[in-house]
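The opening position of the sequence shown corresponds to residue 4 in my numbering, with each subsequent residue numbered one higher. Using N, Cα and C, we set each Cβ at its ideal position, and we do this for glycine too. Predicted model only: the values in this text are computed from it and were never measured. Remarks on the structure that follows.
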Amino acid sequence: MAYLGKARKEDLRLLAEDLNLNVGDNMKISDLSKLITTHPDYDEDFCKNQLTIIIEDRKLREQQEFENRKLQEQREMVLKQQEFEDRKLREQQEMVLKQQEFEKEKERLDHEFQLEKLRKTKLPTVSNTGTRGFKPKCFICENVGHLPREFPKNTRKRPPRNARSNIITAKGTELKSTKEVVTARVLIPVSVPINTRNGIDDLQLVHVKCGQTSIKAVIDTGAQI
Numbered sequence: 004m005a006y007l008g009k010a011r012k013e014d015l016r017l018l019a020e021d022l023n024l025n026v027g028d029n030m031k032i033s034d035l036s037k038l039i040t041t042h043p044d045y046d047e048d049f050c051k052n053q054l055t056i057i058i059e060d061r062k063l064r065e066q067q068e069f070e071n072r073k074l075q076e077q078r079e080m081v082l083k084q085q086e087f088e089d090r091k092l093r094e095q096q097e098m099v100l101k102q103q104e105f106e107k108e109k110e111r112l113d114h115e116f117q118l119e120k121l122r123k124t125k126l127p128t129v130s131n132t133g134t135r136g137f138k139p140k141c142f143i144c145e146n147v148g149h150l151p152r153e154f155p156k157n158t159r160k161r162p163p164r165n166a167r168s169n170i171i172t173a174k175g176t177e178l179k180s181t182k183e184v185v186t187a188r189v190l191i192p193v194s195v196p197i198n199t200r201n202g203i204d205d206l207q208l209v210h211v212k213c214g215q216t217s218i219k220a221v222i223d224t225g226a227q228i
């Protein structure tokens, strides 16, 4: 009966059930061994062979369960490794895309910088009286600070407000007329400095009376033509 000591409780329970013995839920290994060996129909060789089969089946089942668990663990490991590789690949692709975007942006900024630099290089420098550091010089009085046309003696005639209407009296060649144009000489004793805003005097309009007709006339001194 020493062979019974090598078996587990579950093995002895199965052996007792195969022998159609009444097995209690709370029976221990010693109780199961006594139940089997004290049965009137107990056959040691039969029970020994039957227990060997039960133990081998249990070991085979445990081995199969172990292999299944091992295979499942391997599958899970492979799945985790694949997920890790996929995540790593996505991160690498994102890094490559970000690097490409960075290079494109850098290239665009460099291109704009070169264009701006080229534009500033080719842009002509405008030099006029408003340029910082420029001081005009008059060749008439040789003084610095004004141009020749701004020389105090260079003035033109402008009619006052109360002298807008003038009677033109001309003799001989002083009055020339055609079908469309009447040319006359008008003397108005008012002088004002030349307008230097545009560099050329603005033409002045005055009301003049030619005979019985009042017309508008353009005064042109001819000084800047």
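Where residue i sits in the DSSP three-state scheme
{"i": "Lys219", "result": "strand"}
{"i": "Glu177", "result": "Per-residue confidence for Glu177 stands at a pLDDT of 47, beneath the threshold of 50, marking its modelled position as unreliable; the derived number appears in the next sentence. In this structure, Glu177 counts as helix in the three-state DSSP scheme."}
{"i": "Val26", "result": "coil"}
{"i": "His42", "result": "coil"}
{"i": "Ala19", "result": "helix"}
{"i": "Ile32", "result": "helix"}
Residue range of the unbroken alpha helix (DSSP H) whose run includes residue i
{"i": "Asn146", "result": "Per DSSP, Asn146 belongs to no alpha helix (DSSP H) and is neither H nor E."}
{"i": "Cys50", "result": "Glu47 to Lys125"}
Buried or exposed by the 16-neighbour rule on C-beta atoms within 10 Å, applied to residue i
{"i": "Leu112", "result": "exposed"}
{"i": "Arg16", "result": "buried"}
{"i": "Leu121", "result": "exposed"}
{"i": "Val211", "result": "buried"}
{"i": "Cys50", "result": "buried"}
{"i": "Leu63", "result": "exposed"}
{"i": "Leu18", "result": "buried"}
{"i": "Asp89", "result": "exposed"}
{"i": "Asp28", "result": "exposed"}
{"i": "Asp48", "result": "exposed"}
{"i": "Asp46", "result": "exposed"}
{"i": "Leu208", "result": "exposed"}
{"i": "Asp60", "result": "exposed"}
Touching by the beta-carbon criterion (3+ pairs, under 8 Å), the region 27 to 36 and the region 7 to 15:
Yes, the region 27 to 36 touches the region 7 to 15.
For the region 82 to 102 and the region 53 to 63, state whether three or more C-beta atom pairs, one from each stretch, are separated by less than 8 Å.
No, the region 82 to 102 does not touch the region 53 to 63.
Inter-stretch contact at 8 Å, needing at least 3 Cβ pairs: the region 78 to 96 / the region 37 to 50
no
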